[in-house]
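The structure appears right after this line, and notes come after that.
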Amino acid sequence: MRQLWRVLRLLWSARPGGMWRGAILSVVVLVMGAALLGLSGWFITATGMAGLAGVGIAFDVFRPSAGVRMLALGRAAARYAERLLTHDATLSALAVLRLDLLKRLSARPLAELRQLRGGVALTRITADVDALDGVALRLALPIAAALLTHGFAFLMLWWLVTLPVALTVTAGYLGGAGVILYRVGRRGFGPSSRAEAAGQEMRRAAIGLFRGQRDLILQGRMPAARAALTGAETEARAAHDLLDRLDARAGLALATLVALVTTAVMLLALHAVQSGAAQPAAAAIGVFAALALAETVMPLRRGLAELGRMRDAAERVLSQPETVVAAPKALQAPDTAAGLRVQGLTLTRPDRVKPLVEGLSFVVAIGETVAIRGESGSGKSTLLDVLARVTPSDGAVHLLGQRLEDYPEDQLRRLLTLVPQRSALMGGTIRQNLALARADVSDDAAWQVLRAVALDGVIAERGGLEAMLGEGGAGLSGGEARRLVLARALLRRPAVLLLDEATEGLDDVTARKVLSGIRETLPEVALLLAAHRHAELEFADRIIQL
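Position one of the sequence shown corresponds to residue 27 (our numbering), numbered consecutively onward.
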């Protein structure tokens, strides 16, 4: 449960003003609801009593009816404002939570991060973050509002009716509803966790079926895949049905509690009227207020039933292990003429016993272009990961005359840039995607790098730097997206640039234009290419065979 408290503190601290205003309005809504029904009960009873007494013509109906209308309209307005404020604050807080999650994930090894790029993993993370909005909207705010409302109702019923009525309402709701909701929370832990796990399994099976349907058909495994998806859907439905039954039983128990509390209040009110401790109209306030206060406990059951889902999501989101980074060693001034030097490097993979490469040594001088050639699986991408210090290895790598591991992370990323085979674009404008490399990018600098990768004409036709892209760069072809990633890398103006199959998806003419544009834009960069195309090999000054 500590993780849920951490989530709540994080959500609340992101927009404390909005959360507090939403909490206050939640109390206003509940108080107005109880006051509306209480005043209506008083008005009906008082009017009837005045008629029986024969003084109905003199009874003032205008002020009570105006009060009823004011409370009804005020409650509707407060409810709208409360929903607007709390949802806006929660969405802003979830954005902060996503940033916190990304900071934690960025400390993890690259191999793990690459696994998170799959559709299943991203769906898992998105579902976890979205599940946490219930911590504020369905738990913290409603519970706090209910407690404050009952405290206010106790004082008002004590003043307007009698102390026994006030005690019965407060003890009945807080005690009885507390027991019911506590049992709902405990019994809902398992079912809500299983329902979420089953739902994720169903999504995983669906994604696998849709993405791999061609291979499944060719291998004759489509019936088995459909059966697996059907089984996952059946399990998810059964888990949700169990949760729905728990919610329905909790609703029945709370409704019974409301009936019992109202009956007890009615008997106490009758006794108060008979003993002269309260007037009939005032006694009616207690009965109707008891009915109205059901609104404080009824909405809580679903939030508590999903407590297990929220807890699991909080543990996954917040329990990312922090990576301890050793303090960097003191560096001398970089040798801008040294470029990149590799000595005695050995490349291995966790799934292989035999090393991919042993004793590899080479130099990429400033202003030189070197291509690395090898068959698929020979270690080209692994080598670039090692040189970018995202994968550990045996051997010595020097960047601008300094040991690679001695560089602080921020300085290393200013001097060296890697463009892997799979690079991501985000939903947003062209300018926003370029700004990931340099936040203060100017129009001139942006168009310069777009011209360098032969993309300026395409971007101009689509509306310029403010043209919008969909998620993952949707709206550009594969080759255009690849060139935009290259343009973003050029904006960093590194001393060493590592490109993994930079011209994949481009025709030979465009590939040569892009490579020439990169060299013209960064004439002094030490350029290392993992290459397999003739245009890339032809462009290089030297070729290293793996």
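Glycine included, every Cβ here is placed at the ideal spot set by N, Cα and C.
Query: Quick one: is Arg220 buried, meaning 16 or more other Cβ sit within 10 Å of its Cβ, or exposed?; Result: buried
Query: CA-CA distance, Ala223 and Ala98?; Result: 43 Å
Query: Do the segment 541 to 548 and the segment 490 to 498 meet, that is, are 3 or more Cβ pairs less than 8 Å apart?; Result: no
Query: Less than 8 Å between the beta carbons of Ile456 and Leu555, yes or no?; Result: no
Query: Please identify the residue among Val412, Leu183, Glu435, Ala307 whose C-alpha is closest to the C-alpha of Leu382.; Result: Val412
Query: Compute the beta-carbon to beta-carbon distance between Leu296 and Ile206, rounded to the nearest angstrom, for a pair I have assumed lies under 8 Å.; Result: Not really, about 27 Å apart at Cβ, beyond 8 Å.
Query: Is the Cβ-Cβ distance between Val396 and Asp567 less than 8 Å?; Result: yes
Query: Can you give the Cα-Cα distance for Pro217 and Gly211, rounded to whole angstroms?; Result: 10 Å
Query: Going along the chain, which unbroken runs of the alpha helix (DSSP H) with 4 or more residues stay wholly within the segment 289 to 352?; Result: 306 to 318, 326 to 331, 333 to 344
Query: Nearest CA to the CA of Met324: which residue from Ala557, Leu200, Gln300?; Result: Leu200
Query: In chain order, what residues of the same chain have a beta carbon less than 7 Å from the beta carbon of Ala504, not counting five sequence neighbours either side?; Result: The sequence as given places Gly at residue 504; Ala does not occur at that position. Taken in chain order, the residues that qualify are Gly531.
Query: The beta strand (DSSP E) spanning Leu244 covers which residue range?; Result: Careful: Leu244 lies outside any beta strand (DSSP E), inside the alpha helix (DSSP H) at 239 to 244.
Query: Secondary structure at Gly559, three-state DSSP: helix, strand or coil?; Result: Residue identity check: residue 559 is Arg in the sequence provided, not Gly. Residue state, collapsed to three classes: coil.
Query: What is the DSSP secondary structure of Thr116, counted as helix, strand or coil?; Result: helix
Query: By the DSSP assignment, the beta strand (DSSP E) with Glu384 in it spans what residues?; Result: 383 to 390
Query: Give a yes or no on whether the C-beta atoms belonging to Gly421 and Ala391 are separated by under 8 Å.; Result: no
Query: Taking the alpha-carbon of Arg519 as reference, which of Arg440, Ala414, Leu269, Ala486 has the nearest alpha-carbon?; Result: Arg440
Query: Is Val368 helix, strand or coil by DSSP?; Result: strand
Query: Can you grab the Cα-Cα spacing for the pair Ala353 / Leu502, in whole Å?; Result: Legend: pLDDT at Ala353 = 45, less than 50; position of this residue unreliable, no value from coordinates given.
Query: Checking the sheet assignment: what are the DSSP bridge partners for Ile570?; Result: Ile398
Query: Note the first and the last residue of the continuous beta strand (DSSP E) segment covering Leu523.; Result: 522 to 526
Query: At what residue ranges does the segment 426 to 505 contain a whole run of the beta strand (DSSP E), taking only runs of 3 or more?; Result: 442 to 445
Query: With H, G and I counted as helix, E and B as strand and the rest as coil, what does DSSP make of Leu548?; Result: coil
Query: Just confirm the distance between the C-beta atoms of Ala251 and Leu235, as a whole number of angstroms; I'd bet it's less than 8 Å.; Result: 5 Å
Query: Answer with buried or exposed for Gln300, where buried requires no fewer than 16 other C-beta atoms within 10 angstroms of its C-beta.; Result: exposed
Query: For Glu384 and chain C, any beta-carbon pair shorter than 8 Å?; Result: Going by chain labels, chain C is absent from the structure shown, which holds only one protein chain.
Query: When DSSP labels each residue in this structure, what does Gly405 get in the three-state scheme?; Result: coil
Query: With DSSP as the reference, label Asp533 as helix, strand or coil.; Result: coil
Query: Applying the 10 Å Cβ sphere with the 16-neighbour rule, what's the burial state of Trp185?; Result: exposed
Query: For Leu373, which residues does DSSP report across the bridge?; Result: Val383
Query: Excluding the 5 residues flanking Ala262 on each side, which residues of the same chain have their C-beta closer than 8 Å to its C-beta?; Result: Ala221, Ala224, Gly225, Glu227, Met228
Query: My output table needs one value for Val414: the three-state DSSP class, helix, strand or coil.; Result: A quick correction: the sequence has Ala, not Val, at residue 414. Note: Ala414 maps to coil in three-state DSSP.
Query: The alpha helix (DSSP H) spanning Val33 covers which residue range?; Result: 28 to 40
Query: Please report the straight-line C-alpha distance between Ala258 and Ala274, rounded to a whole angstrom.; Result: 24 Å
Query: Quick one, which of Thr374, Gly48, Gly302, Thr256 has its alpha-carbon nearest Thr417's?; Result: Thr374
Query: To the nearest angstrom, report how far apart Asp470 and Ala153 are at their CA atoms.; Result: 40 Å
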